[in-house]
Amino acid sequence: MFEIIATREFQKKVRSLSKKYRHIQTDLQPILEKLRLGEILGDRIPGIKFVVYKLRIKNNDIQKGKSGGYRLIYWLQTTDCIILLDIYSKSGQDNIDVTKISQIITQFEQ
């Protein structure tokens with residue numbers, strides 16, 4: 005079982021997205037449960053010194069499947085701890101830059 009911790013950035017983004025997408029919590033719940041059980045989901049992000057993954061999640065409030073859904077960025081901090089770094093809607097934002105991911109991790113570590 006993994007411990008899952010959400011950064012302030014992640015919590016702020018979920019609150020913001022929930023105003024537009026009412027089912028975001030329902031969409032996230034099965035993914036968070038899989039992560040908690042130890043499944044490593046998504047693709048590793050290259051070009052960053054941390055073990056960070058980007059995961060596509062279906063947004064049930066729009067009918068575009070995973071491609072138009074959410075992107076969840078998480079950091080496999082230790083062998084039993086996952087840090088939720090960021091989440092965004094693909095329809096509202098392009099890819100996140102690795103420098104922004106590093107910045108979120110640095111802020112979390114302080």
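Start counting the sequence shown at 5; every next residue gets the next number (the numbering used here). Every residue gets a Cβ at the ideal spot worked out from N, C-alpha and C, and that includes glycine.
Cβ of residue i within 8 Å of Cβ of residue j?
i	j	result
residue 5	residue 40	yes
residue 73	residue 61	yes
Does residue i come out as helix, strand or coil in the three-state DSSP assignment?
i	result
residue 59	strand
residue 7	strand
Do you know whose CA, among the options, lies nearest residue i's CA?
i	options	result
residue 22	109, 92, 102, 114	92
residue 19	108, 107, 110, 90	90
residue 94	11, 52, 58	58
residue 42	54, 17, 82	82
Output needed for residue i: all residues of its chain with C-beta closer than 8 Å, excluding positions within five of it in sequence on either side, in chain order.
i	result
residue 45	35, 38, 39, 57, 59
residue 122	This structure gives no information on residue 122, because the portion of the chain shown stretches from 5 to 114.
residue 11	87, 88, 89, 90, 108, 111, 112
- Query: What are the start and end residues of each continuous alpha helix (DSSP H) run of 4 or more residues lying completely inside the stretch 26-114, in chain order?
  - Reply: 28-40, 102-113
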